[in-house]
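Have a look at the structure below before the remarks.
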Amino acid sequence: MATETAPVFNEVALLFKSLHKPGDPLVLTNIYDEASTNAVISLNETTPHLVKALATTSYGIANTFSVPDGSLTFNQNLAAIQKIAPLARSANLPLTVDLQDGYGEFLEQCVHRIIYAGAVGANIEDSYSEKDFSDGMDSLRSVEESAERIRLSIKYAADIGLPDFVVNARTDVMRLEPIPEGWTREMMIQESVKRGKAFLDAGATCVFVWGRGVGQITKEEVKLLVKEFEGRLAVKLPTGNGRLSVKELAGLGVCRISIGPSLYGKDMHALRNKAERILMGDHHWNEGD
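Written out as structure tokens, the structure reads:
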């Protein structure tokens with residue numbers, strides 16, 4: 001039985017939930033430490049209200065601990081969240097965090113502790129964090145178990161005074177590589193739809209369908225998912241030439257767009273490149289900044 005109450009008002013969760021508008025999506029540039037958080041927050045100094053909320057990436061946080069994403073412990077994740085949350089609070093920005101799969105049997109404790117830290121929402125995925133995506137459907141929890149975990153996470157939040165806790169329910173069907181034997185692309189999309197609808201029925205604010213490689217969702221698939229979820233679709237902003245832009249995704253009717261681990265990757269690539277140029281004696285290493 002929880003004896004503490006949430007340190008953030010439910011009004012903050014309601015505000016965060018209200019930002020998920022089909023056709024006018026919330027755009028999140030995921031952060032992973034204090035420096036990246038401050039960098040994103042500072043954008044509001046030059047362009048007020050450009051940044052509407054903050055979201056963490058477990059991949060980026062894991063790398064700050066020099067561990068693979070799937071090996072990130074909850075205590076490590078929480079330690080990073082506890083450093084980021086005060087910055088979000090000072091900037092009057094809602095914070096949502098990447099809770100991976102909810103950490104198994106410790107879901108209740110995890111939900112409570114991230115809320116006590118200052119979060120008003122979380123990503124919860126239907127895959128097992130400790131597995132990769134090569135075991136076919138065995139890489140994923142069942143629809144029923146996943147939906148129940150979403151329902152419980154919202155209940156656990158309500159128990160401590162945050163009934164409008166925002167769950168971005170991620171399904172990883174489209175991340176499975178290779179495609180499970182006997183499955184077609186259409187079957188995988190339909191499985192994503194089935195799971196997504198179950199997650200919405202369980203109380204999720206939106207459904208995050210994340211594909212990669214051959215599973216990268218197409219424009220037509222985005223249209224289908226938007227229709228099936230009545231606009232409550234969250235997507236990762238694709239990287240690379242010819243990919244759908246924020247404007248195009250908004251036009252398709254999604255309600256939320258995030259960058260996931262991509263900013264972390266770009267940040268580290270830029271740092272490595274600059275460091276190499278300095279060490280190689282390049283006098284023009286800072287040109288182009």
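Sequential numbering from 1 applies to the sequence shown in UniProt numbering. Every residue gets a Cβ at the ideal spot worked out from N, C-alpha and C, and that includes glycine. Note that the coordinates shown come from a computational prediction; the quantities given were computed from them, not determined experimentally.
Top-ranked residue by Cα proximity to residue i, from the options
i: Arg149; options: Leu162, Ala275, Ser58, Asp126; result: Asp126
i: Arg195; options: Ala169, Trp183, Gln216, Ile81; result: Ala169
i: Asn30; options: Gly260, Asn44, Trp183; result: Gly260
i: Phe65; options: Gln76, Thr57, Ala55, Thr56; result: Gln76
i: Thr56; options: Ala35, Thr46, Asn44; result: Ala35
i: Gly104; options: Asp132, Asp69, Arg141; result: Arg141
i: Ser146; options: Ile41, Arg272, Ala202, Ile189; result: Ala202
i: Thr239; options: Gly265, Ala250, Val226; result: Gly265
i: Asp138; options: Lys197, Glu177, Phe106, Ala122; result: Glu177
i: Ala270; options: Cys255, Arg256, Asp282, Asn286; result: Asn286
i: Arg256; options: Phe229, Asp172, Val143; result: Phe229
Where residue i falls: helix, strand or coil (DSSP)
i: Ser258; result: strand
i: Ile61; result: helix
i: Val207; result: strand
i: Ile179; result: coil
i: Asn123; result: strand
i: Leu28; result: strand
i: Ala234; result: strand
i: Ala39; result: helix
i: Val12; result: helix
i: Ser18; result: helix
i: Val51; result: coil
i: His283; result: coil
i: Val67; result: coil
i: Asp101; result: coil
Residue range of the unbroken alpha helix (DSSP H) whose run includes residue i
i: Arg89; result: 74-90
i: residue 310; result: With the chain covering only 1 through 289, there is no way to say anything about residue 310.
i: Asp201; result: 185-201
i: Val226; result: 219-228
i: Ala111; result: In the sequence under discussion, the amino acid at residue 111 is Val, which differs from the Ala named in the question. Where Val111 is concerned, the enclosing alpha helix (DSSP H) stretches over 107-117.
i: Glu252; result: Sequence inspection shows Leu at residue 252; the Glu mentioned does not correspond to that position. Per DSSP, Leu252 belongs to the alpha helix (DSSP H) from 246-252.
Exposure label - residue i; buried when at least 16 CB within 10 Å
i: Arg243; result: exposed
i: Val278; result: Position check: residue 278 holds Ile in this sequence, whereas Val was assumed. The residue is exposed, with fewer than 16 neighbouring Cβ atoms inside 10 Å.
i: Arg185; result: exposed
i: Phe199; result: buried
i: Pro94; result: buried
i: Lys236; result: buried
i: Gly60; result: buried
Limits of the unbroken beta strand (DSSP E) element including residue i
i: Arg170; result: 166-171
i: Leu162; result: From DSSP, Leu162 is part of no beta strand (DSSP E); its letter is neither H nor E.
C-beta neighbour in chain C for residue i, strict 8 Å
i: Asn123; result: The displayed structure is made up of one protein chain only, and chain C is not part of it.
Does the count of Cβ pairs from the region 157-173 and the region 6-14 closer than 8 Å reach three?
-> Proximity of the region 157-173 to the region 6-14 meets the contact definition, three or more beta-carbon pairs being nearer than 8 Å.
Taking one C-beta from the region 72-86 and one from the region 109-127 each time, how about it: are there three or more such pairs within less than 8 Å?
-> Contact between the region 72-86 and the region 109-127 is present, because at least three Cβ pairs lie under 8 Å.
Using 8 Å as the Cβ pair cut-off and three pairs as the minimum, do the region 129-137 and the region 12-29 touch?
-> As far as the Cβ criterion goes, the region 129-137 does not touch the region 12-29, which means the pair count is below three.
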